[in-house]
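Protein chains in written order, with the working numbering: chain G, -11 to 473; chain H, 474 to 715. Beta carbons are placed, not taken as given, at the ideal position from N, Cα and C, and that holds for glycine.
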Amino acid sequence: MKNFLKLKNCSAVKVETLPVLPFAEFRQTLIESTGKGKCRVSAFFPLQKSSETFLCALLIDPEEHSLYCALSPVGNSFLSLTPEAPVFHWFERELFEKYGIKAEGHPWLKPIRKADGEYFTMAGDAVNEVAVGPVHAGVIEPGHFRFQCMGEKVYSLEISLGYQSRGVEKLLEGKYSSRTLPLFESAAGDTAAAAATGACALIEALSGTVISERAQQIRAILIELERVANHTGDLGALAGDVAYLPTASFCGRIRGEYLNMTAEICGNRFGRNCIIPGGVRYDIEPARCEKLLAHLRRVNPELKHALDLMFDSPTVLDRFENTGSVSLETARSIGLVGPAGRASGVKLDLRYDLPSGAYKNSAPKQAPCGAGDVLSRAKVRYHEIFASLEFIEKTLIDLAQGELCTPCITALQPDSIAFSLTEAWRGELCQIIVTDTQGNIDQCRIVDPSFHNWFGLAMALRNEEISNFPICNKSFNLSYCGHDL
Amino acid sequence: MLKAFMARLRQGYRTGKFPSAPPVLPDRFAGRPEVFPEKVSDEARNTCPVAAISESGRIDLGRCIFCGKCAKVCPEGIRFTEEYRLGAFSHEALTVPGVDPWQESSNPELRKLCGKSFKIRQVSAGGCAACELDFNVLNTLAWDIGRFGIQVVASPRHADALLVTGPVSDNMRLALEKTYNAMPKPSFVIAGGACAISGGLYGEGTTAGGVESILPVDMYVPGCPPHPAVMLEALLRLIAYR
Ligand code: SF4
């Protein structure tokens, strides 16, 4: 990564210190470093600097545990990287839609959040097209799916999003206010703890605040409870989708137990309003800690029992195995993250690769990678649940003494850019704040894990039976609102 | 098969006691606030992320995201209680202090038509999905809304009521209107959560700022998101379940 600036996770630098590279060199470095799956691209967005537009790329090198950033000037267009490095395809579509910066030579430069438009189609008498959404059958978020099929077989699935767009990034601009954190938290409502932790890390980096170990631990406990609750719910839903009702109904209830534990800590089942710049608002006092430990020890075996029941059932395994496979090669080339990536063999987990907060000292055990099918995605989540539960228990027992919240001035350092990368339950969550000369938020970027993974779902459906869509979908369970913002 | 039976025995009966007993809520749960308008400070008003506190020191629960910031800076004027009966039949009844919303009764036509069987079509229109998730919870065995004759249906043609969550993003407006129009009349609308009631955090975003400006609303369920107990209590009151 010659000429890129090496950064620390959750740090802030002056915008002027970011190296500016000639476009040809910038492009070449990006293609080469991401090409062999060595680095992954976390953010790719325009940055205004003295009224000139630059492209900014943020890359992770997981093996070297480092983060790199550089800029390159662009006008209204640039030579697309996608034909050589497909991992940029979604970013380039976003660049064109949102800022009108055109990636010349991009094969499919369609908006990603317009919630409409032309679809890819197949020609021929035997082709049938299936359209689903935006309003789906169940109680879920809106999105539109276009399947190109012959008989039952899906040749292509196009996912059209944007129905949840409400302008989160724009609303975040301006002075830091009491609204900033709630907006970050509700970018994707089921990822509030991870989002708040990442966002607070940005504010803390931009104000030079150091938080106590205890606060970091409480944040990590909330993030891991969030992971456990969501994985539990999804595994239950997967069971439901293959009509294995015992696990479906047990997990539905057990997910609620973990949400209630979160509420026990902060009053809100989604972990909101607890993580604030400087630390956390609510303590886990000894009595509460005991109560939580007792609750965990009661529920964890029930969960294990409910899940083992499903993974012992041949009819379930038969439906999960070899369904919706995404190969390691594909996963790498499109940049899958989180459990979905790990299920395909992409060993990326920010809790190890770029640890921040409490994860610097310890992190849950890593789950073994899988073969890329629904079963692998389910298994990875299964392992992650129990690793996280072990971590939560251990952290509760080892809670350090210390202040809950150190005073944090929210006057942010001007002309700076701060980055944070957090391993949310769906994977890498990247948040960026750029401040102006007054220290106001000039630009805000949120790259939800779903931004990387939606295309993975489309790939999982290739050559798959259309009736397998629900379980493929559930095995990813991506966020519409986190993507649409 | 035998294993599944044994598992069922081991997992036991887990449906909560509500409504015959009050729901179990955590001690830090923020329910309906107690507000003393004359004591509500400017600081409290200005700290509110969604401008839910009026000049006169009253809180509009339809806007409130229950973040508790106001109570922290102004404990003498605002205190959150455990009161979970937050749902109201009019937006006005969401103002605190004001009427106790649970004293009012619901639309008699609705009670007559839907007292024993109430089918809900949910539409998610913008928002962050937390409302949907906590509404879905009512379908799990922990709450089991089926026992009250309440069922979530896929087709709007089968629905008595439309539950809208989210501020109604510009991109979802058409789909929401189409869904509503596809419902047999009379049909009823429930606004679930701060976003659907008032736009919540996104009133100034690319949204309609809530469903009220688009459809007539019969029930308002505050919260960000509404706790399952809050939602269920509101639904039971709506259909006058006994
Ligand atoms: S609790 Fe409600 S009224 Fe109070 S500051 Fe938060 S949103 Fe505003």
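Residue i versus residue j: straight-line alpha-carbon distance, rounded
| i | j | result |
| --- | --- | --- |
| V198 (chain G) | G267 (chain G) | 9 Å |
| V120 (chain G) | N451 (chain G) | 18 Å |
| L97 (chain G) | V29 (chain G) | 19 Å |
| S344 (chain G) | T410 (chain G) | 8 Å |
| K86 (chain G) | A406 (chain G) | 21 Å |
| K592 (chain H) | M704 (chain H) | 15 Å |
| D229 (chain G) | R365 (chain G) | 15 Å |
| E51 (chain G) | D341 (chain G) | 7 Å |
| N64 (chain G) | K90 (chain G) | 6 Å |
| I128 (chain G) | G240 (chain G) | 15 Å |
| A702 (chain H) | W616 (chain H) | 9 Å |
| K658 (chain H) | A566 (chain H) | 26 Å |
| T168 (chain G) | L400 (chain G) | 13 Å |
| L674 (chain H) | V156 (chain G) | 9 Å |
| P74 (chain G) | S148 (chain G) | 18 Å |
| A480 (chain H) | L636 (chain H) | 35 Å |
| S153 (chain G) | T680 (chain H) | 8 Å |
| F478 (chain H) | L316 (chain G) | 39 Å |
Status (buried if at least 16 other CB within 10 Å, exposed otherwise) for residue i
| i | result |
| --- | --- |
| I209 (chain G) | buried |
| N256 (chain G) | buried |
| S455 (chain G) | exposed |
| N(-9) (chain G) | exposed |
| T638 (chain H) | buried |
| L647 (chain H) | exposed |
| H631 (chain H) | exposed |
| K335 (chain G) | exposed |
| K490 (chain H) | exposed |
| Y270 (chain G) | buried |
| Q426 (chain G) | exposed |
| D113 (chain G) | exposed |
| D361 (chain G) | buried |
| Y246 (chain G) | buried |
| V115 (chain G) | exposed |
| G326 (chain G) | buried |
| A282 (chain G) | exposed |
Amino acids of chain H, ordered along the chain, whose beta-carbon sits closer than 9 Å to that of residue i
| i | result |
| --- | --- |
| L159 (chain G) | L674, Y675, E677, G678 |
| Y151 (chain G) | S597, A598, G599, S642, N644, M645, A648 |
| C254 (chain G) | P499, R501 |
| A294 (chain G) | A480, Q484 |
| A175 (chain G) | C601 |
Closer than 7 Å at the beta carbon, the chain G residues around residue i
| i | result |
| --- | --- |
| D607 (chain H) | R257 |
| A625 (chain H) | The residue asked about is misnamed: residue 625 (chain H) is Val in this sequence, not Ala. Correct list: V127. |
| R620 (chain H) | Going along chain G, no residue has its Cβ under 7 Å from R620 (chain H), so there is no contact; the nearest lies around 14 Å. |
| H720 (chain H) | Beyond the ends of chain H as shown, which are 474 and 715, falls residue 720 (chain H); an answer cannot be given. |
Residue i, enclosing alpha helix (DSSP H) - first and last residue
| i | result |
| --- | --- |
| P701 (chain H) | 701 to 711 |
| F108 (chain G) | Run containing F108 (chain G): none; DSSP gives neither H nor E here. |
| A412 (chain G) | No alpha helix (DSSP H) contains A412 (chain G), which is instead part of the beta strand (DSSP E) from 404 to 412. |
| A525 (chain H) | Where A525 (chain H) is concerned, there is no enclosing alpha helix (DSSP H), given that its DSSP letter is neither H nor E. |
| F457 (chain G) | 457 to 464 |
| P327 (chain G) | 326 to 331 |
| Y151 (chain G) | No alpha helix (DSSP H) contains Y151 (chain G), which DSSP labels as neither H nor E. |
| C239 (chain G) | 233 to 254 |
| Y87 (chain G) | 77 to 87 |
| E650 (chain H) | 646 to 654 |
| G23 (chain G) | 11 to 23 |
| T423 (chain G) | That residue, T423 (chain G), is in no alpha helix (DSSP H); its beta strand (DSSP E) goes 415 to 423. |
Segment limits, beta strand (DSSP E) that includes residue i
| i | result |
| --- | --- |
| N116 (chain G) | 115 to 120 |
| C137 (chain G) | 132 to 138 |
| M474 (chain H) | Where M474 (chain H) is concerned, there is no enclosing beta strand (DSSP E), given that its DSSP letter is neither H nor E. |
| Q624 (chain H) | 623 to 625 |
| V29 (chain G) | 28 to 37 |
| R433 (chain G) | 429 to 435 |
| D49 (chain G) | 40 to 49 |
| T370 (chain G) | In the sequence as displayed, the identity of residue 370 (chain G) is Tyr instead of Thr. Careful: Y370 (chain G) lies outside any beta strand (DSSP E), inside the alpha helix (DSSP H) at 362 to 385. |
| Y56 (chain G) | 54 to 61 |
| K(-6) (chain G) | -7 to -5 |
Within chain G, the residues that residue i reaches when beta carbons sit closer than 8 Å
| i | result |
| --- | --- |
| G571 (chain H) | The premise fails here: G571 (chain H) is roughly 24 Å from chain G at the closest Cβ pair, so nothing lies under 8 Å. |
| I687 (chain H) | Per Cβ cutoff of 8 Å: no residues; I687 (chain H) is ~15 Å from chain G at best. |
Proximal residues of chain H, C-beta to C-beta of residue i below 8 Å
| i | result |
| --- | --- |
| A187 (chain G) | Here the premise fails: no neighbours, minimum Cβ distance about 14 Å. |
Listed by chain order, chain H residues near residue i by CB distance under 7 Å
| i | result |
| --- | --- |
| Y270 (chain G) | R501 |
Residues of the segment 204 to 236 of chain G with a CB closer than 7 Å to any CB of chain A: list them in chain order, please. Note that chain A does not occur in the displayed structure, where the protein chains are G and H.
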